[in-house]
Amino acid sequence: MNLRIGNGYDIHKLGPGRPLILGGVKIDHEMGLLGHSDADVLTHAIMDAMLGALSLGDIGHFFPPSDPQWAGADSIELLNRVNHLVKASCWQISNIDSVVVAERPKLKPHIKEMRSRLATALELQADQVSVKATTNEKLGPVGREEGIAAYAVVLLNKYEGINGSDISQTKLMQ
Numbered sequence: 138m139n140l141r142i143g144n145g146y147d148i149h150k151l152g153p154g155r156p157l158i159l160g161g162v163k164i165d166h167e168m169g170l171l172g173h174s175d176a177d178v179l180t181h182a183i184m185d186a187m188l189g190a191l192s193l194g195d196i197g198h199f200f201p202p203s204d205p206q207w208a209g210a211d212s213i214e215l216l217n218r219v220n221h222l223v224k225a226s227c228w229q230i231s232n233i234d235s236v237v238v239a240e241r242p243k244l245k246p247h248i249k250e251m252r253s254r255l256a257t258a259l260e261l262q263a264d265q266v267s268v269k270a271t272t273n274e275k276l277g278p279v280g281r282e283e284g285i286a287a288y289a290v291v292l293l294n295k296y297e298g299i300n301g302s303d304i305s306q307t308k309l310m311q
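The numbers in our numbering rise by one with no breaks, and the one at position 104 of the sequence shown is 241.
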């Protein structure tokens with residue numbers, strides 16, 4: 138099989154005293170997302186999709202919230218680690234399609250920067266990374282502005298890496 142698809146999802150609660158970071162971009166807003174790391178739901182959903190495509194579980198397996206080394210972690214750095222794992226396993230990203238669900242702030246002005254930041258981190262072209270934004274039409278916790286959610290789908294292509302070999306997952310995550 139030369140193609141794999143993974144999907145990812147994440148949601149975090151909004152709260153005061155934290156920056157709002159989505160797709161590696163700091164967005165001006167009176168509240169940020171609460172979580173063990175920087176709580177970047179978009180980047181987390183993309184990582185989960187990448188890991189899911191390889192049947193490796195989710196980001197909680199590799200970066201458990203119970204481990205203090207990941208406290209306040211920059212999700213773009215975690216994304217780099219997951220991307221290294223994907224490449225070391227002889228897979229490459231073909232494209233990513235994602236959507237962020239938030240009532241506020243309006244995200245359209247930040248989409249281009251999010252796409253660029255994610256593409257750069259993943260060593261992709263911007264046209265390989267789709268980021269869309271929508272609201273939840275005032276429904277549920279996202280609609281009540283209690284949190285922000287993100288969904289992502291990733292398509293991976295198999296390739297022959299150096300010597301066609303895999304690298305230990307444990308070694309990569311250290």
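Just so it is clear, CB atoms sit at the ideal spot from N, CA and C, and this is done for glycine as well.
query	result
Nearest to residue 157 (by Cα), restricted to the options 143, 234 and 212	212
Integer Cβ distance of residue 173 from residue 208, believed to fall under 8 Å	6 Å
Between the CA atoms of residue 175 and residue 215 - distance to the nearest angstrom	11 Å
Nearest to residue 252 (by Cα), restricted to the options 235, 154 and 170	235
Inter-residue Cα distance where the pair is residue 255 and residue 160	6 Å
Per-residue DSSP class, three states only, for residue 179	helix
Start and end residues, alpha helix (DSSP H) containing residue 267	Segment 266-271 is the beta strand (DSSP E) holding residue 267; no alpha helix (DSSP H) there.
Other residues of its chain near residue 177: CB distance less than 8 Å, five sequence neighbours each side excluded	158, 159, 160, 161, 170, 212 and 213
Spatial distance of residue 199 from residue 143 (CA atoms)	17 Å
Sheet register partners of residue 229 (DSSP bridge)	294
Simplified DSSP assignment, three categories, for residue 277	helix
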